[in-house]
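Below you'll find the structure, written out as structure tokens, and then a few comments.
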Amino acid sequence: MTGSGQSVLTPHSGPEHSITTLWWVMFGGACVGLTVVATLLLLGWIRRNRDALPFGGSERAATRLVVGLGIATPIVLLSALFVWSDVLVIRSTAAPSPRSTALTVHVIGHQWFWEIRYGGSHASTANELQIPVRTRVNIVGTTADVIHSLWVPELNRKIDLIPGRTNRVLLYADRPGTYLGQCAEFCGLQHAHMELVVVAEPRARFAQWLRTQGTPASSNAGGAGLQLFLSKGCANCHEIRGTAARAHVGPDLTHVGSRATLAAGTIPNDRAHLTAWIRDPQQLKPGTKMPQLPLSQRELAVLATYLERLK
Ligand SMILES: [Cu+2]
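Numbers in our numbering are just positions in the sequence shown, counted from 1, shifted up by 8.
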């Protein structure tokens with residue numbers, strides 16, 4: 009596994025390499041600039057009681073120094089940086105042309121989770137964006153409510169998810185691994201608990217995963233759990249494909265058991281946390297749009313068992 013950090017300085021794609029290089033050059037340039045200015049200041053302070061210019065220089069040499077370092081150098085450097093960052097880097101990180109990508113994935117921001125839908129498939133999941141490795145993936149982003157911002161720092165720049173608009177970004181991972189993304193635009197109470205995991209897998213494994221995710225919930229997993237799900241109000245907000253639950257307020261739960269985390273990276277997806285989440289989501293993620301519903305211990309256990317099995 010590689011990645012799994014959120015540092016723009018560990019690039020794992022072509023576009024991110026160009027961003028990282030730009031970052032280092034700007035940082036290096038700023039260090040050189042600071043050193044030059046600080047040295048000149050220091051020199052002036054050391055020589056504060058002397059009339060003559062340093063190194064036996066003339067007035068004209070001093071003027072030339074001021075014009076050269078103070079005006080010409082910044083103009084040349086800033087223009088070069090402008091061309092590099094605003095023309096070249098922006099272009100290399102720009103939205104891909106749909107024809108150049110092998111896969112389109114729709115990402116819809118919600119307070120406070122990511123809905124993820126795969127083009128040409130029924131697959132719909134949340135907070136876990138699986139992609140095939142070394143494949144150009146066209147991410148189409150929008151929002152169901154307020155403005156969010158999609159950012160996977162090791163793979164590319166961010167895009168804003170804006171109501172009524174779609175923005176696109178290329179995701180490409182040069183190695184299999186897990187890459188952490190984050191909502192990068194304050195979007196309300198639980199903005200900080202809005203994590204996205206990008207999992208890049210070998211193509212065959214990805215294809216297998218997508219096939220499984222595209223299938224409806226296996227019918228033999230239903231029974232008492234499904235009945236509770238439908239009768240206790242869960243189905244007012246969630247979809248479980250293949251059942252009567254068809255709402256889209258919360259994440260699609262058709263294959264919730266296959267995810268590594270719940271509630272946008274807030275808790276691990278194990279029996280204890282799943283039960284705790286259904287018992288009182290507000291305690292784990294205060295303000296979350298899922299209400300606490302009155303359920304007995306037994307009902308909780310039956311629901312958890314049902315959801316756990318939705319792999
Ligand atoms: Cu957000």
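Ideal placement from N, C-alpha and C gives every residue a C-beta, glycine not left out.
My guess is that residue i and residue j are in contact by the Cβ rule of under 8 Å, so how many angstroms apart are they, rounded?
i	j	result
Asn175	Gly196	Asn175 to Gly196, Cβ: 20 Å. No contact.
His20	Leu163	6 Å
Ser157	Ala192	4 Å
Leu261	Glu247	7 Å
Glu316	Arg279	6 Å
Ala134	Glu123	6 Å
Val141	Pro210	6 Å
Pro184	Ala208	5 Å
Leu17	Thr28	6 Å
Gln198	Trp285	Not really, about 13 Å apart at Cβ, beyond 8 Å.
Gly241	Leu301	6 Å
Glu203	Gly250	The Cβ separation is near 28 Å, so there is no contact.
Arg144	Leu169	Actually they do not touch by this definition, with Cβ atoms about 20 Å apart.
Should residue i be listed as close to ligand 1, given that the test is whether its C-beta is under 6 Å from any heavy atom?
i	result
His114	no
His201	no
His156	yes
Cys191	yes
Cys242	no
Cys245	no
Cys39	no
Applying the criterion that 16 or more other CB atoms from any shown protein chain within 10 Å of the CB defines a buried residue, is residue i buried or exposed?
i	result
Thr47	exposed
Val264	buried
Met9	Unreliable positioning characterises Met9 in this predicted model, as indicated by a pLDDT of 39, which lies under 50. The coordinate reading is nonetheless provided below. With fewer than 16 other Cβ atoms within 10 Å, it is exposed.
Ile98	exposed
Leu61	exposed
Lys166	buried
Thr101	buried
Ser26	buried
Val310	buried
Pro299	exposed
Val205	buried
Phe35	exposed
Pro276	exposed
Trp53	exposed
Glu24	buried
Classify residue i as helix, strand or coil using the three-state DSSP reduction.
i	result
Val177	strand
Gln198	coil
Cys191	strand
Trp92	helix
Thr81	helix
Thr112	strand
Ser105	coil
Ala208	strand
Glu307	helix
Met9	With a pLDDT of 39 at Met9, under the threshold of 50, the modelled position of that residue is not reliable, and no figure is offered here.
Ser132	strand
Leu315	helix
Leu270	strand
Pro62	helix
Gln14	coil
Gly222	helix
Ile248	coil
Arg254	strand
Gly76	helix
Where does the unbroken alpha helix (DSSP H) through residue i begin, and where does it stop?
i	result
Arg279	Arg279 to Arg287
Ser239	Ala232 to Ser239
Ala38	Gly22 to Ile54
Arg72	Glu67 to Leu73
Provide the residue span of the beta strand (DSSP E) that contains residue i, from first to last.
i	result
Glu136	Glu136 to Pro140
Gly149	Val145 to Thr151
Arg125	Phe121 to Tyr126
Val264	Looking at the DSSP string, Val264 is not in any beta strand (DSSP E), and its letter there is neither H nor E.
His156	His156 to Trp159
Leu169	Ile167 to Leu169
Does the CB of residue i have a neighbour CB from chain D at under 7 Å?
i	result
Leu111	The chain inventory of the structure shown lacks chain D, comprising one protein chain alone.
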